[in-house]
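So the sequence shown is numbered by our numbering: it starts at 4 and just counts up by one. Just so you know, even glycine gets a beta-carbon here, dropped at the ideal spot from N, CA and C. All figures in this text were calculated on a predicted structure; none of them were measured in a lab. Here is the structure we will look at.
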Amino acid sequence: MKPTDIQIISEEMAIKWENGDESFVSLAKLRKACPCAGCKGEMDVMGKLYKGPDRKYKLSSFRIQHIKYVGGYAIQPMWEDGHNTGLYTYDYLRAVANSPDQE
4 MKPTDIQIIS EEMAIKWENG DESFVSLAKL RKACPCAGCK GEMDVMGKLY KGPDRKYKLS
64 SFRIQHIKYV GGYAIQPMWE DGHNTGLYTY DYLRAVANSP DQE
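Following this line, the structure appears as structure tokens:
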């Protein structure tokens, strides 16, 4: 399911989905769920997870400069601290938005 509108409101992302549902997710939660290889790591062919050091977040880590739409399947937030490699598929974005808060 695709979003029809995405807005940043203060410290949250508001998402309106094509079925009329709305989701609200904090930018901190969204950033901490970044799916890129630098944040989550990546598996080699043997199944071993390679991951860099844990990220040190600062205030600018939780602010979005702008959002780039990628194809018809994902968004790519450009965070104020320069991080921009996370592709959030629409399914993943909805799953993060609907998951219980664990901040």
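Residue from the options with nearest C-alpha to residue i
{"i": "Thr88", "options": "Ala100, Lys71, Tyr76 and Phe27", "result": "Lys71"}
{"i": "Asp24", "options": "Gln68, Glu14, Lys35 and Ile9", "result": "Ile9"}
Bounding residues of the beta strand (DSSP E) (the contiguous stretch that carries residue i)
{"i": "Asp8", "result": "Pro6 to Ile12"}
N-terminal and C-terminal residue of the alpha helix (DSSP H) that residue i is part of
{"i": "Tyr95", "result": "Tyr93 to Asn101"}
Where residue i falls: helix, strand or coil (DSSP)
{"i": "Leu30", "result": "helix"}
{"i": "Lys35", "result": "helix"}
{"i": "Leu62", "result": "helix"}
{"i": "Lys43", "result": "helix"}
{"i": "Leu52", "result": "strand"}
Beta-carbon proximity list for residue i, same chain, < 6 Å, skipping 5 on both sides
{"i": "Arg66", "result": "Glu83"}
7 Å Cβ shell around residue i - same chain, five flanking residues per side excluded
{"i": "Asn22", "result": "Met4"}
8 Å Cβ shell around residue i - same chain, five flanking residues per side excluded
{"i": "Val99", "result": "Val28, Lys32, Leu33, Ala36 and Tyr91"}
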